[in-house]
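Residue 1 is where the sequence shown starts when you use the working numbering, and the numbers rise one by one after that.
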Amino acid sequence: MKRAPLLARILLPLAVIAIAVGGAGYLQATRPLVQPEPVIEQIFAVRTAPVSFSRHQPRLELFGELVAAREAVLQSPVEGRVIEMSPALVEGGAVRRDEVLLRLDPFDHETRKRELQASLVQQEARLVELELTAAADRDLLALNDERLAIARRELDRQQKLRSSSFSSTKNLDDSRMKVTAEETTRRQREREIAAAAARIDQQKAAIDQLRLSLGRVERDIAETVVRAPFDGLVERVDVALGKELRAYDQLATLIDAGSIEIHFTLDDADFGRLWQDGLVGRTIDATWTLGDQAFALEGRVSRIGSRVQASRGGVGVFAEITGNPHSAPLRPGAFLTIGMDDRAYENVAMLPRSALFDPARVYGVVDSRLVGFDVEIVDRGATDVLVRGELAEGLPVVTTRLAEIASGLKVEMVP
1 MKRAPLLARI
11 LLPLAVIAIA
21 VGGAGYLQAT
31 RPLVQPEPVI
41 EQIFAVRTAP
51 VSFSRHQPRL
61 ELFGELVAAR
71 EAVLQSPVEG
81 RVIEMSPALV
91 EGGAVRRDEV
101 LLRLDPFDHE
111 TRKRELQASL
121 VQQEARLVEL
131 ELTAAADRDL
141 LALNDERLAI
151 ARRELDRQQK
161 LRSSSFSSTK
171 NLDDSRMKVT
181 AEETTRRQRE
191 REIAAAAARI
201 DQQKAAIDQL
211 RLSLGRVERD
221 IAETVVRAPF
231 DGLVERVDVA
241 LGKELRAYDQ
251 LATLIDAGSI
261 EIHFTLDDAD
271 FGRLWQDGLV
281 GRTIDATWTL
291 GDQAFALEGR
301 VSRIGSRVQA
311 SRGGVGVFAE
321 ITGNPHSAPL
331 RPGAFLTIGM
341 DDRAYENVAM
351 LPRSALFDPA
361 RVYGVVDSRL
371 VGFDVEIVDR
381 GATDVLVRGE
391 LAEGLPVVTT
401 RLAEIASGLK
411 VEMVP
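Next up, the structure:
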């Protein structure tokens, strides 16, 4: 009777364990199966541009201005009071060559001219007087020579008579004194003639100086009338009727209307490229915008600036204006937008700048996947880039900017 409870105490835990193991096995056998989700590859939507190799000549878009190749600062050539002014001598006035711009009072200069003329007459009369005196001295010298010759002959005769004892010593001495006196007079006359010649030279120099002064005064009188040196436009006027001017006072600035040209700057890269391709003689188009009006201009590069413009980072270029179809009122300082053909490139592809990834790589779409291609950048524009490389004609090149782009990505091309 006591053995039954002991057996029950032994078998009961075993039964519990067996039930637990059996339950766990049943649950394991009857659990639902969980299928793993398949990995789906991401597809990127991209826009593309086809590769097309051909000849391309980019268009440079530049900025410039109108400048005057020739302008003159008009100055008062002489001093005087302004007594007359041209109506065109105002800011913005247009004048013609040799047009009278202003007149100065010539009174002081004409007075000086009359004084010099009177002095000249006086000095010329003095010259005549000196020349007459010199001529008289030369005549007297000739008479001295005759008297000296006579005195010498008389001395010879007295010497011969004295040797024959037919003349006294006194007569011989008198003859000698006569010769000495005539020789002394002759030397004195020669000195007077030489001095007269020097005075004549001095007088001629004084007359020449007076004539030069008279010529300057006559020029000053002529310059009391100020004329325009060329056709032009007037600016910076600093003169008025009645104003007292000194010599070299500034009157105004005259701009040669026919010398207005176009000036713009090429950066170092553009200049170096275009210089090799022939810069001088290249045509340009310019536009001068005034409000809602746009005036088109045509030009041709005529010369290069004499120095590099460090402040502008390039080289100055000048172009003559060859066409002004709308007869625009050209003025220096007008701001222009300028277009000029760049160098032409053969067998290059033009792509949007967004197709270029650093450093010089583009991605084409081959079988819906990206393939990277290294390219040579020939030219960069504002929105486009010219490239060369191992690209197939017609290959679609990605133009969409992707945050992480690499070869092998799967893409879908969209319009």
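Ideal Cβ positions, reconstructed from N, Cα and C, are used throughout, including at glycine.
> Between A319 and the rest of its own chain, which residues show a CB-CB distance below 7 Å, the 5 nearest in sequence each way excluded?
Replying inline: As a first step, residue 319 is located in the sequence shown; it is residue number 319 there, counting from the start. E261, I262, I284, G299, R300, V301 and S302, listed in sequence order.
> Leaving out five residues before and five after V225 in sequence, what residues of the same chain have Cβ atoms less than 7 Å from its Cβ?
Replying inline: In the sequence shown, counting from the first residue as 1, residue 225 sits at position 225. Around V225, the same chain offers V100 and R103 as residues with beta carbons nearer than 7 Å, after the five sequence neighbours per side are excluded.
> Counting pairs of beta carbons, one from the region 203-220 and one from the region 182-189, are three or more of them closer than 8 Å?
Replying inline: In short, these stretches do not touch, since the Cβ pair count stays below three.
> Between which two residues does the beta strand (DSSP E) carrying A68 extend?
Replying inline: Taking the first residue of the sequence shown as position 1, residue 68 is located at position 68. Segment R59 to A68, the beta strand (DSSP E) holding A68.
> If D137 and E183 are in contact, beta carbons under 8 Å, what's the gap, nearest whole angstrom?
Replying inline: Here residue 137 corresponds to residue number 137 of the sequence shown, with the count starting at 1. Here residue 183 corresponds to residue number 183 of the sequence shown, with the count starting at 1. That pair is no contact at about 17 Å.
>> With the cut-off set at 9 Å, would you say F63 and F295 are in Cβ contact?
In response: If you number the sequence shown from 1, residue 63 lands on position 63. If you number the sequence shown from 1, residue 295 lands on position 295. No, Cβ-Cβ distance for F63 and F295 is not below 9 Å.
> Would DSSP call T111 helix, strand or coil?
Replying inline: Within the sequence shown, residue 111 is the residue found at index 111, counting from 1. DSSP places T111 in helix when its eight states are reduced to three.
> What span of residues does the beta strand (DSSP E) with F44 cover, start to end?
Replying inline: The residue labelled residue 44 in the question sits at position 44 within the sequence shown. F44 to V46 is the span of the beta strand (DSSP E), which, as asked, contains F44.
> Going by the beta-carbon positions, is the gap between A328 and W288 smaller than 9 Å?
Replying inline: Within the sequence shown, the letter at position 328 stands for residue 328. Within the sequence shown, the letter at position 288 stands for residue 288. Contact check for A328 against W288 passes: the beta carbons are separated by less than 9 Å.
> Buried or exposed: which applies to A151, given that a residue is buried once 16 or more other Cβ atoms fall within 10 Å of its Cβ?
Replying inline: Translated into the one-based positions of the sequence shown, residue 151 becomes position 151. That one is buried.
> Is the distance from the Cβ of M75 to the Cβ of Y345 below 9 Å?
Replying inline: In the sequence shown, the residue the question calls residue 75 occupies position 75. In the sequence shown, the residue the question calls residue 345 occupies position 345. Strictly speaking, residue 75 in this sequence is Gln, with Met absent from that position. No, the Cβ-Cβ distance between Q75 and Y345 is not below 9 Å.
> Does the Cβ-Cβ distance between L370 and V398 come in under 9 Å?
Replying inline: Position 370 of the sequence shown, counted from the start, is the residue given in the question as residue 370. Position 398 of the sequence shown, counted from the start, is the residue given in the question as residue 398. Result yes, Cβ atoms of L370 and V398 sit closer than 9 Å.
> Are the region 75-87 and the region 223-242 touching, with three or more C-beta to C-beta distances below 8 Å?
Replying inline: With the cut-off at 8 Å, the region 75-87 and the region 223-242 touch.
>> Let me check understanding here. Comparing Cα to Cα, which of L395, G291 and F264 lies closest to L60?
In response: Your numbering for residue 60 matches position 60 in the sequence shown. That would be F264, whose Cα lies nearest to the Cα of L60.
> Can you tell which of A194, A195 and D156 has its C-alpha closest to the C-alpha of M177?
Replying inline: If you number the sequence shown from 1, residue 177 lands on position 177. Selection A194, A195 and D156 evaluated against M177 yields D156 as nearest (Cα-Cα).
> By Cβ distance below 6 Å, which residues in the same chain neighbour L214 in space, the five residues on each side in sequence not counted?
Replying inline: Here residue 214 corresponds to residue number 214 of the sequence shown, with the count starting at 1. Its chain contains L116 as the residues whose beta carbon lies nearer than 6 Å to that of L214, once the 5 sequence neighbours on both sides are disregarded; these appear in chain order.
> So is R307 in contact with chain D if we call contact Cβ pairs under 9 Å?
Replying inline: Among the chains of the structure shown, chain D does not appear; only one protein chain is present.
> According to DSSP, is L419 helix, strand or coil?
Replying inline: The structure shown does not extend to residue 419, since the chain spans only 1 to 415, so no value can be given for it.
> Would you report the Cα separation of I200 and E235, rounded to the nearest angstrom?
Replying inline: Stepping through the sequence shown from its first residue, residue 200 is reached at position 200. Stepping through the sequence shown from its first residue, residue 235 is reached at position 235. Here the alpha carbons of E235 and I200 stand approximately 54 Å from one another.
>> For T417, tell me which candidate among N144, V95, A197 and D105 has the shortest Cα-Cα distance.
In response: The requested residue 417 does not occur in the structure, where the chain is confined to residues 1 to 415.
> Given D98, which residues of its chain have a CB within under 7 Å of its CB, disregarding the five upstream and five downstream residues?
Replying inline: In the sequence shown, residue 98 corresponds to position 98, counting from 1. Excluding positions up to five away in sequence, the list reads R227 and A228.
> Rounded to a whole number of angstroms, what is the C-alpha to C-alpha distance between Q309 and D292?
Replying inline: Position 309 of the sequence shown, counted from the first residue, corresponds to residue 309. Position 292 of the sequence shown, counted from the first residue, corresponds to residue 292. Distance from the CA atom of Q309 to the CA atom of D292, rounded to whole angstroms, is 32 Å.
>> Taking 8 Å as the limit between beta carbons, can you name the residues of its chain near L141, skipping five residues before and five after?
In response: Stepping through the sequence shown from its first residue, residue 141 is reached at position 141. Excluding residues within five positions, the ones whose Cβ falls inside 8 Å are R186, R189, E190 and I193.
> How many Å lie between E429 and A382 at the Cα?
Replying inline: Outside the shown range of the chain (1 to 415) lies residue 429, about which nothing can therefore be said.
> What distance in whole Å lies between the Cβ atoms of A72 and L254, which are believed to be in contact at a cut-off of 8 Å?
Replying inline: Position 254 of the sequence shown, counted from the first residue, corresponds to residue 254. Position 72 of the sequence shown, counted from the first residue, corresponds to residue 72. For L254 against A72, the beta-carbon gap comes to about 5 Å, under 8 Å, which counts as contact.
>> Counting beta carbon pairs with one atom in the region 106-126 and one in the region 265-276, are three or more of them shorter than 8 Å?
In response: The region 265-276 is not in contact with the region 106-126.
> From W275 to R96, what does the alpha carbon distance come to, in whole angstroms?
Replying inline: For the purposes of this step, residue 275 is taken as the residue at position 275 of the sequence shown. For the purposes of this step, residue 96 is taken as the residue at position 96 of the sequence shown. Near 39 Å, if we compare the C-alpha coordinates of R96 and W275.
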